[in-house]
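Enquirer: Okay, handing you the structure first.
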Amino acid sequence: MVLLDKSGILTRDDDKTNVRFAFDVPAGTQALQIEFAYSPKTLTDPELEKQICETALKKYNGAVCYDEYKQYLPLKNLVTLSLDDPACYRGAAHRQDPRQIHTVGAAQSSYGFTNAPTQPGTWYLTLNVHCALCRIDYTVKISTKTETEVRA
Numbered sequence: 014m015v016l017l018d019k020s021g022i023l024t025r026d027d028d029k030t031n032v033r034f035a036f037d038v039p040a041g042t043q044a045l046q047i048e049f050a051y052s053p054k055t056l057t058d059p060e061l062e063k064q065i066c067e068t069a070l071k072k073y074n075g076a077v078c079y080d081e082y083k084q085y086l087p088l089k090n091l092v093t094l095s096l097d098d099p100a101c102y103r104g105a106a107h108r109q110d111p112r113q114i115h116t117v118g119a120a121q122s123s124y125g126f127t128n129a130p131t132q133p134g135t136w137y138l139t140l141n142v143h144c145a146l147c148r149i150d151y152t153v154k155i156s157t158k159t160e161t162e163v164r165a
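Those letters in the sequence shown? Residues 14 to 165, by this note's numbering.
Written as structure tokens, this is what we have:
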């Protein structure tokens, strides 16, 4: 059963923010499967790369040497996720991969998430927008897993 199915757009205005989604987990749920993807991972606009790097170098170093910014290329977007159940923080997937699938449950959870019973109630998935250099399209889908699927 699909509990959350969202797609959206992040922009440079979303840089260093969090986007939170609430979803309800029914009683009897054995585990959750989280599918998450975003694109693009890598910025492909050379002029924007140069502008972003030079602005950062001036801010933190006070000066920019010609072509110094190239050592920092390629620039990459980074969006990660974290999860809270009705009672507490369940974990996070702070990974570089722009396509991820995670399982969260009592018997088995993906690295970064705590093994614990899947409590019924309102849960929260948070997208942590560490770096949004350009328009980012994202999708997130959360589904229940049956006992048979959990054992597979």
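Beta carbons are placed, not taken as given, at the ideal position from N, Cα and C, and that holds for glycine. Quick caveat: nothing in here was measured; it's all calculated off a predicted structure.
Extract the residue ranges of the beta strand (DSSP E) inside the segment 107-133, only unbroken runs of 3 or more that lie entirely within it.
Expert: The segment 107-133 contains these whole beta strand (DSSP E) runs: 112-118.
Enquirer: List the endpoints of the continuous alpha helix (DSSP H) containing L70.
Expert: Stepping through the sequence shown from its first residue, residue 70 is reached at position 57. Taken as a continuous stretch (DSSP letters only), the alpha helix (DSSP H) holding L70 covers 59-74.
Enquirer: Where do the N-terminal and C-terminal ends of the beta strand (DSSP E) with T24 fall, by residue?
Expert: Taking the sequence shown and counting its residues from 1, the one referred to as residue 24 is at position 11. Per DSSP, T24 belongs to no beta strand (DSSP E) and is neither H nor E.
Enquirer: In whole angstroms, what separates the C-alpha of L23 from that of T42?
Expert: Indexing the sequence shown from 1 puts residue 23 at position 10. Indexing the sequence shown from 1 puts residue 42 at position 29. The alpha-carbon atoms of L23 and T42 are separated by roughly 31 Å.
Enquirer: Going along the chain, which residues of its own chain have a beta-carbon closer than 8 Å to the beta-carbon of A100, five neighbours each way excluded?
Expert: Here residue 100 refers to the residue found at position 87 of the sequence shown. Closer than 8 Å at Cβ, skipping near neighbours: Q132.
Enquirer: Could you have a look at K29 and say whether DSSP puts it in helix, strand or coil?
Expert: As a position in the sequence shown, residue 29 is number 16, starting the count at 1. Here K29 sits in coil by DSSP.
Enquirer: Can the beta-carbon of R103 be found closer than 8 Å to that of V92?
Expert: Within the sequence shown, the letter at position 90 stands for residue 103. Within the sequence shown, the letter at position 79 stands for residue 92. No. Outside cutoff.
Enquirer: Between K71 and chain C, is any beta-carbon pair separated by less than 8 Å?
Expert: No chain C appears in the structure shown, which is made up of a single protein chain.
Enquirer: From this set, F49, T68, T127, which residue's C-alpha is nearest L17's C-alpha?
Expert: Mapped onto the sequence shown, residue 17 falls at position 4. Residue F49 is the option with its Cα nearest to L17.
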